[in-house]
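Working notes, structure below.
What follows is the structure in C-alpha cells.
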C-alpha cells in the first residue's frame, strides 16, 4: 500500500543510490489517506425520521456490505472548488447512554486482559446511569444481533422498532478526500526493523486551504439539510472548524503515483516504474487522487488491467 511500497523502493539501493524509480525524488511523496472527520450532530424536528433511515444502515446486498451517505452534487463542488466527501449518519442516544456503553466496553476490555479496571468506580457509575438503555441494547444485541451503539463495526440498528424513542440525534462522520501534496511523504530513517529493513517516517499535515474547503463543504451540506426543514444542526467544534485528528480509514494512497512524466510520477499509465522495464506496481500507492470511496475495487481493477497487459506481452514474446 501507500507505506510499504515506497519503503521497498527507497530501500532498494543496490543499483540506484536514491532507490528504485526515484531519480526525480518522487517516491514516497503525495501521501494521502481518507480522514474520518466528526462533522457534528443533526437533531430532527420530527423524531420519527429516525424510523425511516434504513438506507443509511450498514447491510448486506448480494453478499456485499453497503452503507449510504450524504454527498454534495458535482456541479456544486466544482463551483466552489471543493474536494470530495461523504457523510455517514449514525443515530445516537443521549450522552449519558453513550457514556454507559463506552464504560461497559472499557470494563470488558480490562476484565478480558485480567487487570483491575482503571477508574473502576467512575466506569461503574457511568454504566449505572445509563443502565436502562444499556440493558435494552444488550437485549437487542443478543436477540436481534443489533449493535450496542451504531457505528462502522456492525449494522442492524434500522431493524429495531421505535428508534425515535431510543435515539435523539444523528451523528455525522465524513469520509474526506485530501489534496495530493508533495510535502506529505514517506521517508526512510536510520533505524531498522527485525529483518534489517529501514523503518519509515511519515511527514503528514492538513494545510489550511484544505481545512477551509472542508469547512465550506460541511457548511453547504448543513445549509441543504436546513433548507429542507428537516431539523437543527450542531457543529462538532464551537467555531465550526473541522476537527481533524489522527483518525483515518487506513486507505493509504499516492506514494508511487501514476504520471507519464517521470518528474511527476513513479509509474506510467501502465503501472510500470519509470526507468525499470520489468517492474510494475498495482497498488493504492499509484493513485493520483483519492476521492472518498474505499480503494479496493480500483486496486483490483488496476491489478486485472496490469495482469492482462503482462499476459499479452509474455504471449507475444
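Residue numbers (my numbering): 12 to 328. Glycine is no exception: its CB is placed at the ideal position from the N, C-alpha and C atoms. Please read all numbers here as calculations on a predicted model, not as lab measurements.
Q) If you scan the region 84-117 from start to end, which runs of the alpha helix (DSSP H) of 4 or more residues do you find wholly inside it? A) 85-91
**Q.** Whether residue 382 touches residue 287 by CB criterion (9 angstroms)
**A.** Residue 382 lies beyond the residue range present for the chain, which begins at 12 and ends at 328; the question has no answer from this structure.
Q: Kindly indicate which three-state DSSP category residue 150 falls into: helix, strand or coil?
A: helix
Q) Are there 16 or more other CB atoms within 10 angstroms of the CB of residue 182, so buried, or fewer, so exposed? A) buried
(Q) Please state the DSSP three-state secondary structure of residue 255. (A) coil
Q) Since residue 234 is in the alpha helix (DSSP H), which residue starts that stretch and which ends it? A) 219-238
Q) Between residue 250 and residue 223, what straight-line distance do the alpha-carbon atoms span, to the nearest angstrom? A) 12 angstroms
Q: Give the DSSP-derived three-state secondary structure of residue 155 in the structure shown.
A: helix
Q: Buried or exposed for residue 164, please, with buried defined as at least 16 other CB atoms from any protein chain shown within 10 angstroms of its CB.
A: exposed
Q) Under 9 angstroms between the Cβ atoms of residue 51 and residue 38? A) no
Q) By a C-beta neighbour count over all protein chains shown, 10 Å radius and 16 as the cutoff for buried, is residue 106 buried or exposed? A) exposed
(Q) Out of 109, 238, 155 and 283, which one is the CA nearest neighbour of residue 145? (A) 109
Q) In chain order, what residues of the same chain have a beta carbon less than 7 angstroms from the beta carbon of residue 12, not counting five sequence neighbours either side? A) 263, 294, 295 and 296
Q: Could you give the DSSP three-state label for residue 17: helix, strand or coil?
A: helix
Q.
I need the boundaries of the beta strand (DSSP E) containing residue 214, first residue and last residue.
A. 209-214
Q: Can you check DSSP and say which residues form a bridge with residue 55?
A: 242
Q) Contact check, residue 267 vs residue 292 under 8 angstroms by CB: the rounded distance? A) 5 angstroms
Q.
For residue 199, tell me which candidate among 282, 212 and 104 has the shortest Cα-Cα distance.
A. 212
Q. Given residue 148, which residues of its chain have a CB within under 6 angstroms of its CB, disregarding the five upstream and five downstream residues?
A. 159
Q. Taking just the CA atoms, how far does residue 161 sit from residue 4?
A. Because the chain in this structure spans residues 12 to 328, residue 4 falls outside the shown range and cannot be described.
Q. Would you report the Cα separation of residue 86 and residue 170, rounded to the nearest angstrom?
A. 35 angstroms
Q. How is residue 180 classed by DSSP in three states: helix, strand or coil?
A. strand
**Q.** residue 291 (DSSP reduced to helix, strand or coil)
**A.** strand
Q) According to DSSP, is residue 46 helix, strand or coil? A) strand
Q | Three-state secondary structure (DSSP) of residue 264 | A | strand
Q | Bridge partner(s) assigned by DSSP for residue 70 | A | 77
**Q.** Under 9 angstroms between C-beta atoms of residue 68 and residue 78
**A.** yes
(Q) Less than 8 angstroms between C-beta atoms, sequence neighbours within five positions excluded: which residues of the same chain meet that for residue 60? (A) 175, 241 and 242
**Q.** Short Cβ contact (9 angstroms threshold) for residue 53 with residue 118
**A.** no
Q) Using CA coordinates, which residue listed in 92, 88, 283 and 24 is at the minimum distance from residue 316? A) 283
Q | C-alpha gap between residue 27 and residue 206, whole angstroms | A | 21 angstroms
Q.
Taking a contact to mean a Cβ-Cβ separation below 9 angstroms, would you say residue 71 touches residue 102 in this structure?
A. no
(Q) Quick check on the DSSP output: the alpha helix (DSSP H) that includes residue 250 runs from which residue to which? (A) Run containing residue 250: none; DSSP gives neither H nor E here.
Q: Would you mind giving the Cβ-Cβ distance between residue 276 and residue 269, rounded to the nearest angstrom? I have them listed as a contact below 8 angstroms.
A: 5 angstroms
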